[in-house]
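Contents: one structure, followed by commentary.
Numbering (our numbering), first residue to last: 2 to 507.
Here it is in structure tokens:
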């Protein structure tokens, strides 16, 4: 088993050499074997390993005993361990959810808190191939879509903390192989009696349904895992297709997602439904909620409303979410928290950097920025735009903000001052989720203009009465063409030329 585990870590790119890893351990055979195996790989992988165990307060003294056992075992193996306790019944009552879902929410919330406190970059759990087969079957009988049939992934965002990664290094290893490893390693796992309680749907499926299915197909476990692999491959393709089709006209913020209605309606119905689901899941993740399946019938109702509904019409998605029609936009938001209009601005991908060879034209999520040389004294008519008090021969870059960026601002009465760009963004009330996406125009490595609801110039680059001699730089920011399929979607990434861009990419 340990060789397969090591191969999984490498081939599935679950960990890099030298990373810090937190392993969640219940005390059962699966998680205890995983912690033991990872402990044996610490030196080879230069890994910093931590453990965490949680008492769900569902089994009285037995749950507390299991947590203390894990803590003692981990420390005996030289692994720092955090032990926690959460009243899952109270959490279920507070959130209005079932015990199983509340237990999962409690575990992931606890693991995220511990990982963040310790500085671990990934969290490992002991889900294995038998768990995968059960998960796929459970999703199937509940009518899940392709994403549900794909089951658990090797690596995915931690549900309550998307900035952390959850890894499952045992996902292709059968339960009996893990039990053999535990016996050979003389491990003494704890027994959780609740795993035999068929009042829980997963336990009933494991105890009653899977044995019956094995009488029809002795290899049904492997067949279900194969189904998950195939579904995951197709799911990945559809997600990539959606990202490609929706680039440039979707805005994802913490509390709402804004879609351009015409472009949305040009998508295939399968991608329309998928985009609604993705928007709902994004908002729930941002709100530190455990993402649950949005009912299929509500997604269908929202898609139908998006096609034929009037301005102001609303479709309820559940969990307090809704889809609302706002003129030429569709907005997915929490009820009672309507989206602000500030998202209607030029945005780009964080960490963008482009060196512009003039004249340059760049498309920025629904907007087109043109930068060119211009002589203010010229009689040539100009379309609406702004001119900069900067020499036309200057080096011009377009990028997003970096630590240490400053902006020159007017203090009144001809006085100017320097303000950290981060503070300026706060003062003008740019939403935090947008600040890394705001395009900046730099002239000779100084911030000359910020593209926020138009073009805001640095005080040092505003034309004065004496700045009208010789060539200058002229900026024009206009709505881009909205024909979705006429051009490839914008990909403003370092080292790549975006559609609609003429110039040199740094």
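Here a beta-carbon is modelled for each residue, glycine too, at the ideal position from N, C-alpha and C.
Which same chain residues, not among the five before or five after residue i, have their C-beta less than 7 Å away from its C-beta?
i: residue 118; result: none
i: residue 174; result: 2, 5, 129, 130
i: residue 592; result: Here the chain comprises residues numbered 2 to 507, so residue 592 is not present and cannot be evaluated.
i: residue 176; result: 129, 131
i: residue 411; result: 417, 460
i: residue 198; result: 204
i: residue 330; result: 259, 260, 261, 262
i: residue 115; result: 23, 53, 83
i: residue 346; result: 453, 454
i: residue 191; result: 28, 29, 67, 70
i: residue 18; result: 46, 47
Could you tell me the distance, in whole angstroms, from the CA atom of residue i to the CA atom of residue j?
i: residue 414; j: residue 252; result: 39 Å
i: residue 485; j: residue 368; result: In this predicted model, residue 485 has a pLDDT of only 30, less than 50, meaning its place in the structure is not dependable; the value taken from the coordinates is given anyway. The alpha-carbon atoms of residue 485 and residue 368 are separated by roughly 13 Å.
i: residue 304; j: residue 130; result: 36 Å
i: residue 206; j: residue 200; result: 10 Å
i: residue 37; j: residue 15; result: 18 Å
i: residue 213; j: residue 75; result: 38 Å
i: residue 444; j: residue 360; result: 14 Å
i: residue 493; j: residue 137; result: Here residue 493 scores only 31 on pLDDT, less than 50, and its place in the model should not be relied on; the value that follows carries that caveat. Roughly 37 Å between the two C-alpha positions.
i: residue 78; j: residue 63; result: 23 Å
i: residue 409; j: residue 375; result: 23 Å
i: residue 455; j: residue 237; result: 36 Å
i: residue 48; j: residue 391; result: 52 Å
i: residue 220; j: residue 230; result: 16 Å
i: residue 351; j: residue 67; result: 45 Å
i: residue 106; j: residue 282; result: 15 Å
i: residue 511; j: residue 187; result: Lying before the first or after the last residue shown, residue 511 is absent from the chain, which here runs from 2 to 507.
i: residue 163; j: residue 473; result: 45 Å
i: residue 257; j: residue 315; result: 14 Å
i: residue 423; j: residue 435; result: 12 Å
i: residue 373; j: residue 241; result: 35 Å
i: residue 202; j: residue 20; result: 36 Å
If we call anything under 8 Å between Cβ atoms a contact, is residue i one with residue j?
i: residue 266; j: residue 308; result: yes
i: residue 349; j: residue 447; result: no
i: residue 89; j: residue 58; result: yes
i: residue 356; j: residue 320; result: no
i: residue 183; j: residue 40; result: no
i: residue 478; j: residue 442; result: no
i: residue 353; j: residue 401; result: yes
i: residue 233; j: residue 154; result: yes
i: residue 85; j: residue 93; result: no
i: residue 150; j: residue 228; result: yes
Kindly indicate the opening and closing residues of the beta strand (DSSP E) around residue i.
i: residue 407; result: 407-413
i: residue 320; result: From DSSP, residue 320 is part of no beta strand (DSSP E); its letter is neither H nor E.
i: residue 86; result: 82-86
i: residue 475; result: 473-480
i: residue 207; result: From DSSP, residue 207 is part of no beta strand (DSSP E); its letter is neither H nor E.
i: residue 25; result: 21-25
i: residue 13; result: Segment: none, residue 13 is in no beta strand (DSSP E) and carries neither H nor E.
i: residue 522; result: Any question about residue 522 goes unanswered here, given that the chain covers just 2 to 507.
i: residue 391; result: 387-392
For residue i, which residues of its own chain have a beta-carbon under 8 Å away from its beta-carbon, when the five flanking residues on both sides are left out?
i: residue 342; result: Because residue 342 sits at a pLDDT of 48, beneath the cut-off of 50, its placement in the model cannot be relied upon, and the following sentence gives the value as read from the coordinates. Excluding sequence neighbours, residue 342 sits near nothing in its chain.
i: residue 239; result: 147, 271, 272, 275
i: residue 208; result: 197, 199
i: residue 322; result: 281, 284, 285, 295, 333, 334, 335, 336
Quick one: residues in its chain with C-beta nearer than 6 Å to the C-beta of residue i, no 5 flanking neighbours on either side, listed in chain order?
i: residue 81; result: 51
i: residue 123; result: 22, 166, 168
i: residue 134; result: 222, 225, 226
i: residue 275; result: 243
i: residue 148; result: 236
i: residue 9; result: 170
i: residue 104; result: 57, 89
Starting from residue i, trace the alpha helix (DSSP H) in both directions and tell me its first and last residue.
i: residue 265; result: 262-266
i: residue 102; result: 100-119
i: residue 221; result: 221-247
i: residue 41; result: 30-46
i: residue 50; result: Premise fails: residue 50 lies in the beta strand (DSSP E), 49-56, not in any alpha helix (DSSP H).
i: residue 309; result: 297-309
i: residue 423; result: 422-428
i: residue 217; result: 211-217
i: residue 92; result: 89-96
i: residue 72; result: 62-77
Please give the ranges of any beta strand (DSSP E) in the segment 142-201, keeping only runs that are unbroken, at least 3 residues long and fully inside the region. Runs found: 156-159, 162-168.
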